[in-house]
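Down below is the structure, laid out as structure tokens.
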Amino acid sequence: DHWLKGVENGVMDEPKLRLYMQEAIRPQPSIDLRPGRFIAEDGWPSANVSARRYHLAAPSGLADGPGDPGEAAPRDPGDGAAGDGQALQVRVSEAVTVDAGPWCGWGGPIDYAADQGAEDGRWLSFTSNVLDAPLEILGFPEVSLELSADRPQALVAVRLCDVWPDGASTLITRGIRNLTHRDGDEEPAALVPGERYLVEVRLNSIAYAVPAGHRLRLSVSPTYWPIVWPSPEPVTLTVFPVGRLGLELPVRRPGLDDPALPAHFSKPEAAPEPEHLNLGGAGEEERNLFRDAKRGLVRMVYETAHFPSMRLVDSGLEYEDRGVDTYEIVDGEPLSALATSERRIAICREAWRTRVETRSTLSASASEFHVTNAVDAYEGGSRVFAKTWSASIPRDYG
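Numbering (my numbering), first residue to last: 8 to 405.
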């Protein structure tokens, strides 16, 4: 109204930013209501946010001051980190990252990461002491690492978690850096195996309140399938927790009295939706894991049905929307990674029935990505259109 109609409604007197500060929740993949509160900032960067630094303390501490060793994190001795003085090595199985949740959720019924405790034990993890006061994170956490890799192509994945007093681990945010792009995306360059590099990793922006009595945990890995495509070869990273390298956390000043939420900012009354009849239940989503122990193969299947089947009562139009995403990989063989996406949309009315089905696959060799797409369209029981096409794309250090 202010910009399009010239209405002086006071919107320019409101804070420039409204954000949702999420409260801590126990890790669970399905959440009906995300608790939190709206906060306000007059601009960005905000004068209410300052950097709090935590440095990596060998062998597994996240220290917030000189001489503070942090607290040791749990480790899986069969698959995780091994310390050698100030050099800490980590090599993680490509086939075990099953608790990550979606990279970018859409608000569905299964939209969050599960308990990160198992992943924390497999990754190289650094844990802080117990927080003696609440801590509100607002912005982009930054992580500085000095590391080396044993392969010319490698990546680093970083997770920041909220560790509860009983050990449960809730994912706060995460970030990924392709190490061949360490100096920018314009001119990627291979790593020199064994050479030490200083790398900055920006984690996804977040507003999250960590309660007193909890701990922070920073975890590092050279693989994060299926969140990111694996490097062409299995990689061992060596992290050097020296100096003041570590985590820079954007912390909001506590005790701020945020202004009241204007009435027009509150959720308006929803417009009446067309009356419809569900023929296949409400929106559905499933995540299933299949493991072939003999072959070392792990397959993750994500099934979604935003509209399993519905009919608009007034028009009689029927609509169905389903999808399946499958990710599989053989442990120790990153070139076996395969992603498949299938979609099916059907639109019908009485005797008129149509549907479109698609299938796309992504795989890779050491030098190329391979993409194949197929689309089929049907009217009634007859296929009226079909096309399949493929492409190979140079990895170019991808």
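Where is the CB? At the ideal position from N, CA and C, for every residue including glycine. All values derive from a computational prediction rather than experimental measurement.
Asked                                                                                                                   : Found
C-beta atoms of Leu244 and Leu154 nearer than 7 Å                                                                       : yes
Glu48 to Ile213 span [Cα, whole Å]                                                                                      : 14 Å
Residue environment, Ala120, which counts as buried when at least 16 other CB atoms sit within 10 Å                     : buried
Member of Glu202, Leu11, Met28 whose CA lies at the smallest distance from the CA of Ala216                             : Met28
Buried or exposed (CB count within 10 angstroms, at least 16 for buried), Gln160                                        : buried
DSSP-derived helix/strand/coil call for Asp299                                                                          : strand
Trp396, enclosing beta strand (DSSP E) - first and last residue                                                         : 389-401
Cβ pair Val206, Arg189 closer than 7 Å                                                                                  : yes
Endpoints, the beta strand (DSSP E) within which Ala156 is located                                                      : 149-156
Option nearest Glu202 by Cα separation, candidates Leu186, Pro195, Glu194                                               : Leu186
Where the alpha helix (DSSP H) through Arg129 begins and ends                                                           : 124-129
Assigned exposure category for Arg82 - 16 Cβ within 10 Å defines buried                                                 : At Arg82, the pLDDT of 44 sits below 50, so the modelled position is not reliable; the number obtained from the coordinates is stated separately. It is buried - the Cβ of Arg82 has at least 16 other Cβ atoms within 10 Å.
Exposure label - Phe297; buried when at least 16 CB within 10 Å                                                         : exposed
Cβ neighbour criterion (16 or more within 10 Å) applied to Arg224                                                       : buried
Residues near Val165 by beta carbon distance below 6 Å, same chain, minus five either side                              : Val150, Gly182, Val208, Val227
Limits of the unbroken alpha helix (DSSP H) element including Leu11                                                     : 9-12
Exposed unless 16 or more other CB atoms sit within 10 angstroms - verdict on Trp10                                     : exposed
At least 3 beta-carbon pairs within less than 8 Å: the stretch 121-132 vs the stretch 253-266                           : no
For Glu340, the first and last residue of its enclosing beta strand (DSSP E)                                            : 340-356
Separation of Asp264 from Ala371, as counted between CA atoms                                                           : 52 Å
Where Asp71 falls, given that 16 or more other Cβ within 10 Å makes a residue buried                                    : buried
Backbone secondary structure at Asp39 - three-state DSSP                                                                : coil
Terminal residues of the beta strand (DSSP E) in which Glu335 lies                                                      : 325-337
Simplified DSSP state of Val18, which is helix, strand or coil                                                          : helix
Neighbourhood of Leu345 by C-beta distance below 6 Å, restricted to the same chain and skipping five residues each side : Glu335, Ser370
Thr395 versus Leu254 - alpha carbon distance                                                                            : 47 Å
Beta-carbon spacing of Val97, Leu69 below 7 Å                                                                           : no
Outcome for Gly191 when other beta-carbon atoms lying within 10 angstroms are tallied against a minimum of 16           : exposed
Classification of Pro42 by the beta-carbon crowding that lies within 10 angstroms, buried from 16 upward                : exposed
Rounded straight-line distance, which links the Cα of Arg366 to that of Cys355                                          : 21 Å
His221 in three-state terms, based on DSSP                                                                              : coil
Delimiting residues of the beta strand (DSSP E) encompassing Glu364                                                     : 359-371
Uninterrupted beta strand (DSSP E) stretches inside the stretch 181-269 (no shorter than 3 residues)                    : 204-209, 213-217, 222-228, 244-246, 253-259
Tyr61 versus Asp332, Gly13, Glu30, Leu138, residue with shortest Cα-Cα distance                                         : Leu138
Nearest-angstrom Cα separation, counted from Ile117 out to Ile38                                                        : 7 Å
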